[in-house]
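Heads up: the sequence shown runs through residues 1 to 217, numbered per this note's numbering. Cβ coordinates follow ideal geometry from the N, Cα and C atoms, glycine included. Below: one structure, written as structure tokens.
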Amino acid sequence: MEGTIFKKLYKDSKGNTAPSAWTLVAEHLGKQALIEEDATKDKWNNDQYEGYVEWMEDTIKIHKKHDLTKDFFDNIMASIKYHRGVKSSFREIHRRGIRTALVSGGFKAQADRALRDLKIHHAFAACEYLWDDSGKLVHWNLLPCDYEGKLDFMRLIMKEHGLTEKDCAFVGDGRNDVPFAKAVGLSIAFNAASELKRVSTHVVDSDNFRDILKYFY
């Protein structure tokens, strides 16, 4: 989702993790929030978390500490733009009878937007925020659907439709997508990290998402 169908308008300040809306939220909350979020990424890269959910829980504490509100969050999610050609590409992919699924380590609010706009069939996102009537963050639902977890969630969809991994195609951009790219029959690295390019079937470096279509049969 992030960096693939949506533009990378944000990046990790140290360049040591995949670009994400998590960083974008921290940037909007201020310098101190970004410093604290960077510290969680250092812990991640030093294998100090049991898993992705534990990292998210630490990051959510930062959001709460710096008084993230629903209106503030919604404005950030709405500010992220699609890549050129995304909407027409999904229409063409669906016209060809291909079912689509989105699996992201990002926010459900952003995934819901893509689900609605692009008519994607299935979507899993790692973090759903729940707000009270005043717009205060009161709770959240977390799913371990990043890194190896992305493939676990996709396997649920494969099973539902009677597919094998080799029947499936993948498009992504981050190093966290490497397990997914290795598993499926066709993988496309779109403006991707070098780690993903090395294991993907095809590499597309372009400002137009439609350039992936030539690899869908």
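CB contact flag (residue i, residue j, <8 angstroms)
{"i": "A189", "j": "D173", "result": "yes"}
{"i": "L115", "j": "A123", "result": "yes"}
{"i": "R84", "j": "N208", "result": "yes"}
{"i": "L142", "j": "P179", "result": "no"}
{"i": "G105", "j": "Y49", "result": "no"}
Inter-residue spacing [alpha-carbon to alpha-carbon] between residue i and residue j
{"i": "T164", "j": "K182", "result": "14 angstroms"}
{"i": "N176", "j": "V199", "result": "12 angstroms"}
{"i": "G97", "j": "K87", "result": "16 angstroms"}
{"i": "V171", "j": "S187", "result": "6 angstroms"}
{"i": "A21", "j": "H202", "result": "26 angstroms"}
{"i": "D74", "j": "E37", "result": "20 angstroms"}
{"i": "A125", "j": "D42", "result": "23 angstroms"}
Classification of residue i by the beta-carbon crowding that lies within 10 angstroms, buried from 16 upward
{"i": "D146", "result": "buried"}
{"i": "L118", "result": "buried"}
{"i": "G162", "result": "exposed"}
{"i": "V138", "result": "exposed"}
Reference residue i, options the options, closest by Cα
{"i": "L102", "options": "D71, G30, L156 and D74", "result": "L156"}
{"i": "F72", "options": "M56, A26 and Y49", "result": "A26"}
{"i": "I120", "options": "S134, C127, S89 and A126", "result": "S89"}
{"i": "L130", "options": "R99, I62, H94 and F107", "result": "F107"}
{"i": "T40", "options": "K70, H63, D58 and H28", "result": "D58"}
Paired residues, beta bridge with residue i - DSSP
{"i": "K136", "result": "T69"}
{"i": "G172", "result": "A189"}
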